[in-house]
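Participant:
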Amino acid sequence: MATLTRQDLNFGQVAADILCEFLEVAIHLILYVREIYPSGIFQKRKKYSVPVQMSCHPELNQYIQDTLHCVKPLIEKNEAEKVVVVIMDKEHHPVERFVFEISPPPLLSIRWKLCIFLICTLLSHVEQLLRAMILKISVCDAVLDNNPPGCTFTVLVHTREAATRNMEKVQVIKDFPWIVADEQDVHMEEAKLIPLKTMTSDILKMQLYVEERTQKT
Amino acid sequence: MDDLYLDNIDEFVNDQNKIVTYKWLSLTLGVHVNIAKQMLYHYLQQKRNESSGTPLHATYLVSGKCVENGSTCHKVSVVREDKLDAVKAKMDVTISVHVYSVQRAELKDSSPLYNTDYDAVKENLKNCNKYSAIRCAAAVSLSSAELQRAQEMALVPPVEKEISKPGLNENTSATSKPSAKQPAGIMGMFASKNASKSQESSKEVKTEQKEDSSLVREQSKVSNALKVESKDTRNKTKRPEFVDRDDEEIESQQKKRRRIKKPQPDSSDDEVVPDSPPVHNVHTPSPKKQVKREPVSHQEESSEVKRRKRRRVLKSNTFVDEDGAFVTEKGYVSVSYSESEEEPEPNSQAKYSSSLKQSFGKRKEEKREKSQKKTSTANKPTKQPSIMGFLQKK
Chain A
1 MATLTRQDLN FGQVAADILC EFLEVAIHLI LYVREIYPSG IFQKRKKYSV PVQMSCHPEL
61 NQYIQDTLHC VKPLIEKNEA EKVVVVIMDK EHHPVERFVF EISPPPLLSI RWKLCIFLIC
121 TLLSHVEQLL RAMILKISVC DAVLDNNPPG CTFTVLVHTR EAATRNMEKV QVIKDFPWIV
181 ADEQDVHMEE AKLIPLKTMT SDILKMQLYV EERTQKT
Chain B
1 MDDLYLDNID EFVNDQNKIV TYKWLSLTLG VHVNIAKQML YHYLQQKRNE SSGTPLHATY
61 LVSGKCVENG STCHKVSVVR EDKLDAVKAK MDVTISVHVY SVQRAELKDS SPLYNTDYDA
121 VKENLKNCNK YSAIRCAAAV SLSSAELQRA QEMALVPPVE KEISKPGLNE NTSATSKPSA
181 KQPAGIMGMF ASKNASKSQE SSKEVKTEQK EDSSLVREQS KVSNALKVES KDTRNKTKRP
241 EFVDRDDEEI ESQQKKRRRI KKPQPDSSDD EVVPDSPPVH NVHTPSPKKQ VKREPVSHQE
301 ESSEVKRRKR RRVLKSNTFV DEDGAFVTEK GYVSVSYSES EEEPEPNSQA KYSSSLKQSF
361 GKRKEEKREK SQKKTSTANK PTKQPSIMGF LQKK
């Protein structure tokens, strides 16, 4: 993405930071709303000026942070097409897939818009959009069926072949290897598509939808 | 009352899967809150009577008197429908019950309720009680002049309090306030009127003190702080002379060191203080002379009272204010550090909760923290190298 030396800003980095922070909050919220983990481990915290539920469990938090730490460089280079949170039942068949489709915003609008005055409005606008996304995730249980007990989750990233090779070369975090996902994790048979929210802004373009298996138990 | 509103609510709840609170409904439809509550109630009745379609959930606001720990109190709570009867039974007197919200989702916690009202209330902040039943004729918002005056009043007492404190520490406490206010002030020019007013008012207060002819030591220290803030001269040995007189032995050594000091490089954007071992002896960066003096001065200093000093440092500071405006600012900043103290308080402010704007937050720092770390990196080779030395502006 464009590097704006005037402000010593790497705009791509900034957008990636915002997005990764949002994904962290979103993953925690999905785990809370879909009851993957007991609600006792969650604690209310504040993000984007609204309360959100975040887990207190250190290993879970570390896992999510490491995951996103590895995903961030892909987002910076626009190589991450989708980030998917897959919820699987006891037999490791996916029952739900929360898909965050990420696309890069149009570059042109960024360049001329990036001056201090507009950054204020830009960021508060982005915050508003992300708040709406959080709200939609909170009420998604209205449109989804209940999950069977004993579900687990995992995070997939759809990216390009070259990027995976780079990732293997430069292992971002040691002892946190990424492996190519199985076909069964990636595609779900008899899936219903439920769109949740789309957001378009000058620094981020993101779409969230849920693929749900028709028969969950 | 015609029934169009029922269709509206239906659309909000079923088609858009929104949480419809009475507050949001009143702001959206432009009706009084009591009417909004009745609308929700009618809608709920109608849908429940139909007994078809998607199930609806509701939350209620219950207020009443109850006895807790021996004292009666007025309790107001938002409860889910399934807990409504239990809560009503607990209360001695139930004063009011009304529908708080209607939604399709079964909410697990109350955060979405706040979330859905947030934007609507924020848009209507000036007149958010337009449709409200709570009124107070005496409550009128301040005009902007009154607001400025109120902010000045708020600033003056803490500054005066700091003046009355004897000793050197106050020097730094006085500077820390303006240095913290200064970014807010500069960003305030872009962001909001209020912040700039507070900066102007703080400068006003300081210049007033400067002009005060009593020349109390403490006051002149504060005025020195102001001079420092305005970044007039590239004065490396920026130390108030009054303080110099106080501690002569160590003073001369430190003064000497300070004169040798070169301007700080522009590596100001350090991270939050990590768990590196605290550096005891913080000196200006001229290694050769330091090495010789350090064993001598260290003992002297450690035997002396802990002292805070200030000096001017060329900094390039990139940060974000409350409103998210992002600014790089280069200039001389009075920065305090202590000879014998470890990092005293940077951690208290250095850890920011992650918020949207702090995605820029790599650069958002407490200036003092930076200077302390910087001086710690300038330590002699005899010291264990601190992790700070590797931090550079990105």
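Protein chains in written order, with full-length UniProt numbering: chain A, 1 to 217; chain B, 1 to 394. Note that beta-carbon positions come from the ideal geometry of N, C-alpha and C, so glycine has one too.
Pick out whichever of A:Asp89, A:Val155, A:Lys77 and A:Ile27 has its Cα sitting closest to the Cα of Ser103 (chain A).
Facilitator: A:Lys77
Participant: Let me see if you follow: with CB-CB separation under 8 Å, is Pro149 (chain A) close to chain B or not?
Facilitator: no
Participant: Name the chain A residues that come within less than 9 Å of Ile19 (chain B), Cβ to Cβ?
Facilitator: Within chain A, Leu135, Ser138 and Val139 have C-beta atoms less than 9 Å from the C-beta of Ile19 (chain B), given in sequence order.
Participant: Since Phe100 (chain A) sits in a beta bridge, which residues does DSSP pair it with?
Facilitator: According to DSSP, Phe100 (chain A) bridges with A:Val83 and A:Leu208.
Participant: Please report the distance separating the alpha-carbon of Leu31 (chain A) from that of Val50 (chain A).
Facilitator: 18 Å
Participant: Beta-carbon of Thr28 (chain B) versus every beta-carbon of chain A: anything under 8 Å?
Facilitator: no
Participant: Given that a residue counts as buried once 16 or more other Cβ atoms are within 10 Å of its Cβ, and exposed if not, what is Asp7 (chain B)?
Facilitator: exposed
Participant: Quick one: residues in its chain with C-beta nearer than 8 Å to the C-beta of Glu24 (chain A), no 5 flanking neighbours on either side, listed in chain order?
Facilitator: Ile64, Gln65 and Leu68
Participant: Determine contact between the stretch 94 to 113 of chain B and the stretch 32 to 46 of chain B, defined as no fewer than three beta-carbon pairs at a distance below 8 Å.
Facilitator: yes
Participant: Is there a Cβ from chain A that is less than 8 Å from the Cβ of Gln103 (chain B)?
Facilitator: yes
Participant: I want to verify the contact list: residues of chain A whose CB lies under 8 Å from the CB of Asp10 (chain B), in sequence order.
Facilitator: Here the premise fails: no neighbours, minimum Cβ distance about 14 Å.
Participant: Under 8 Å by Cβ, that's how I've got Thr214 (chain A) and Lys192 (chain A) pegged, so tell me the actual separation to the nearest angstrom.
Facilitator: Going by Cβ atoms, the distance from Thr214 (chain A) to Lys192 (chain A) rounds to 6 Å, so yes, they are a contact pair.
Participant: Is Val139 (chain A) helix, strand or coil when you go by DSSP?
Facilitator: coil
Participant: Is any beta-carbon of chain A found at less than 8 Å from that of Val282 (chain B)?
Facilitator: Annotation note: pLDDT 41 at Val282 (chain B) (below 50); position unreliable, no value reported.
Participant: According to DSSP, is Pro157 (chain B) part of a helix, a strand, or is it coil?
Facilitator: helix
Participant: Tell me which same chain residues have a C-beta within less than 8 Å of the C-beta of Glu190 (chain A), skipping the five on either side of it?
Facilitator: Arg213, Thr214 and Gln215
Participant: For Arg149 (chain B), which of helix, strand or coil comes out of DSSP?
Facilitator: helix
Participant: Secondary structure at Pro38 (chain A), three-state DSSP: helix, strand or coil?
Facilitator: coil
Participant: Would you mind telling me which residues of chain A sit closer than 8 Å to Lys47 (chain B), beta carbon to beta carbon, in chain order?
Facilitator: The contacting residues do not exist; Lys47 (chain B) stays about 14 Å from chain A at best.
Participant: I'd like the span of the beta strand (DSSP E) that includes Ser52 (chain B), first residue to last.
Facilitator: Note, Ser52 (chain B): premise wrong, no beta strand (DSSP E); not H, not E.
Participant: Looking at chain A, is there any beta carbon in it that lies within less than 8 Å of the beta carbon of Lys367 (chain B)?
Facilitator: Legend: pLDDT at Lys367 (chain B) = 45, less than 50; position of this residue unreliable, value from coordinates given subsequently. So, not an interface residue.
Participant: Pull up the CB-CB distance for Ile134 (chain A) and Leu29 (chain A), whole angstroms please, since I reckon it's below 8 Å.
Facilitator: Yes, they are in contact, since the Cβ atoms of Ile134 (chain A) and Leu29 (chain A) sit about 6 Å apart, within 8 Å.
Participant: Can you list the residues of chain B that Cys70 (chain A) reaches, using a CB-CB cut of under 8 Å?
Facilitator: What Cys70 (chain A) touches in chain B: nothing, since even the nearest Cβ is about 18 Å away.
Participant: Which chain B residues sit within Cβ distance under 7 Å of Ser49 (chain A)?
Facilitator: Tyr118
Participant: Per DSSP, what kind of secondary structure is Ile64 (chain A) in: helix, strand or coil?
Facilitator: Per DSSP, reduced to three states, the secondary structure at Ile64 (chain A) is helical.
Participant: Rounded to whole angstroms, what's the CA-CA distance from Pro149 (chain A) to Pro94 (chain A)? Just pull it up for me.
Facilitator: Going by C-alpha positions, Pro149 (chain A) is about 13 Å away from Pro94 (chain A).
Participant: Can you tell me which residues form a DSSP beta bridge with Arg131 (chain A)?
Facilitator: Per DSSP, Arg131 (chain A) has no beta-bridge partner at all.
Participant: Look up Gln16 (chain B) in the DSSP assignment and say whether it is helix, strand or coil.
Facilitator: coil
Participant: Looking only at DSSP bridge pairs, what is Phe22 (chain A) linked to?
Facilitator: Note: Phe22 (chain A) sits in no beta bridge, so no partner.
Participant: What distance in whole Å lies between the Cβ atoms of Thr154 (chain A) and Val86 (chain A), which are believed to be in contact at a cut-off of 8 Å?
Facilitator: 5 Å
Participant: Under a CB-based cut-off of 8 Å, is Arg34 (chain A) close to chain B?
Facilitator: no
Participant: So with CB distances below 7 Å, who are the chain A contacts of Asp109 (chain B)?
Facilitator: Gln53
Participant: Kindly examine the ligand ZN and report whether one of its heavy atoms sits closer than 7 Å to the Cβ of Ile27 (chain A).
Facilitator: With respect to the ligand ZN, the structure shown offers nothing to examine, as it has no ligands at all.
Participant: Can you give me the Cβ contacts of Ala133 (chain B) inside the same chain, cut-off strictly under 8 Å, excluding the 5 residues immediately before and after it?
Facilitator: Once the five neighbours on either side are set aside, the close Cβ partners of Ala133 (chain B) are His32, Val33 and Asn34.
Participant: For a cutoff of 8 Å on Cβ pairs, would you count Asn115 (chain B) as touching chain A?
Facilitator: yes
Participant: Please confirm if Glu68 (chain B) has its CB atom under 8 Å from at least one CB of chain A.
Facilitator: no
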